[in-house]
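Here is the structure we will look at.
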Amino acid sequence: MPELPEVETVVRGLSRHIVGQKIKHVEILSAKSFLWNPKLTKSKKVGGKTAYPIPQEILRRTIKKISRRGKGIIIDLDKGYSILIHLKMTGQLIYIPKDKKPGRTTGGKRLNYGHPDKNFSQAMPSKHTRVWFELSKGNLYFNDQRRFGWVKLTPTQDVFKDKFFAKLGLEPFDKKFTPPFLWSAIQRHPKANIKAIILDQSLITGIGNIYSDEALFYARLKPTRLGRSITKPEVTKLYAAIKKVLEKGIKYSGTSINTHRTPEGSMGKMQNYLAVYEREGQPCRSCKGIITKIRVAGRGTHYCPMCQH
DNA sequence: TGCCCCCTGCAG
DNA sequence: CTGCAGGGGGCA
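Going by the working numbering, the first residue of the first sequence is number 658, and it counts up by one from there.
Rendered as structure tokens:
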């Protein structure tokens, strides 16, 4: 689910709800979702599920700050530890206050968990809950259908030594991200598709498959254009388009085509404003063209053949 | 720089 | 049943 706008939505929501709370207990329901000590695989049954041992360093720590780097989430605790989380394709972080009744072990409130039937509700923890944090005033659930995502615990000073965080490029909202920066990044990849270039997290962080297609649409660039063919005026347009689509995504709390939810469990709204993504066969919003789907950089890619060149 | 893989569920 | 899905790591 998550690209920069979705992760930013989750980080902002969690910041409102869980900063200042203490971690009272943690259940790891899927060993591979909490990358910690793989030797500790001795499990026990909790409510019919298998649970794994937890690192003691995480217990009784207070949550100080939640931030985002690229598509990764950093939760800083007191006493020098941080929790790192990546949602990958289907991860969710859902927070349910304890006073939301009926309380008790599940944390109570039932949520529509991406189910097409609006009346369907899913109790937390759900069958996709992989890590369950009991906090002082509520419960935080890391749900991840496909188990591609991960949670890690690391000393705060080592966060950016982490294999994932260490190789991230520039944030699109960093002052250093400028048209000249984008131009030079593109020059270094003359033979790559422009889509592959803007998807490369070691150059710019946070753009994924949805927002790359959207940005290329607003820049009027065909996704298969090679880096060396891109002109300076085109770079300027692409730069503006990238910032525009990411800002719009954040404004609408992300795209909920499938599993993306805010920490409160509600859907984002950006899917209603997409220009090309998931709009194959539909008319272009700015010309008479029909949105076409092809394969670029191994990903389904949507564009308007009439206005993107 | 591309391809396969991790995993599960859903549409066609 | 096959193919495909908001990501990214490891391998030619």
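Even glycine gets a Cβ: it sits at the ideal position worked out from N, Cα and C. Nothing here was measured: the structure is a model prediction, and the numbers come from that model.
- Buried is the label assigned to D801, since at least 16 other Cβ atoms lie within 10 Å of its Cβ.
- Sequence-distant Cβ neighbours of I742 in its own chain, meaning closer than 6 Å and more than five residues away, are I730 and V808.
- Its chain contains I948 and H959 as the residues whose beta carbon lies nearer than 7 Å to that of R936, once the 5 sequence neighbours on both sides are disregarded; these appear in chain order.
- S793 is the residue among S793, Q779 and G727 whose C-alpha sits nearest the C-alpha of D756.
- In the same chain as T881, and ignoring 5 residues on each side of it, the C-beta atoms closer than 7 Å to its own belong to N850 and V953, in chain order.
- Exposure of G938 is indicated by the presence of fewer than 16 other C-beta atoms within 10 angstroms of its C-beta.
- For the pair K905 and Y930, the CB atoms are nearer than the 8 Å cut-off.
- One Cα belongs to L716, the other to H785, and the distance between them is close to 23 Å.
- The DSSP-derived three-state label of E714 is helix.
- Under the three-pair Cβ rule at 8 Å, the segment 811-820 does not count as touching the segment 836-843.
- Collapsing the DSSP output to three states places F838 in a helix.
- In this chain, P754 is not harboured by any alpha helix (DSSP H); it is covered by the beta strand (DSSP E) spanning G748 to P754.
- Inclusion of G955 and Q858 in the CB contact set at 8 Å is not warranted, their separation being larger than that value.
- Here D735 has R718, T719 and K721 as same chain residues with Cβ atoms under 8 Å from its own Cβ, once five neighbours each way along the sequence are excluded.
- For I731, the uninterrupted beta strand (DSSP E) run begins and ends at G729 to L734, by DSSP.
- Relative to the Cα of L692, the nearest Cα in the group S886, L825 and L810 belongs to L810.
- A straight-line Cα-Cα distance of about 17 Å links M963 and E891.
- Here G865 is buried. Its C-beta has 16 or more other C-beta atoms within 10 Å.
- DSSP places N915 outside both helix and strand once states are collapsed to three, so it counts as coil.
- Ranked by how close their Cα comes to the Cα of E828, the residues T893, P940 and L856 have L856 in first place.
- Annotation: T919 to E871 spans about 22 Å, alpha carbon to alpha carbon.
- Closest by C-alpha distance to T912, out of M927, F834 and A708, is M927.
- Sequence-distant partners of I907 (beyond 5 residues in either direction) whose C-beta falls short of 6 Å from its own C-beta, in its chain, are P662 and E665.
- Contact between H674 and Y752 holds: CB atoms are separated by about 5 Å, below the 8 Å threshold.
- Here Y875 really is in contact with K901; their C-beta atoms are around 6 Å apart, less than 8 Å.
- As a beta-bridge residue in DSSP terms, K950 pairs with H959.
- Closest option to D831, judged by alpha-carbon separation, among G795, I899, K848 and I680: I899.
- DSSP places R942 in no alpha helix (DSSP H); its state is neither H nor E.
- Closest in C-alpha terms to G795, from the list G946, H682 and V667, comes H682.
- With respect to S910, G925 sits close: the two C-beta atoms are nearer than 8 Å.
- Here V788 is near I685, since their CB atoms are less than 8 Å apart.
- For P662, the uninterrupted alpha helix (DSSP H) run begins and ends at L661 to I675, by DSSP.
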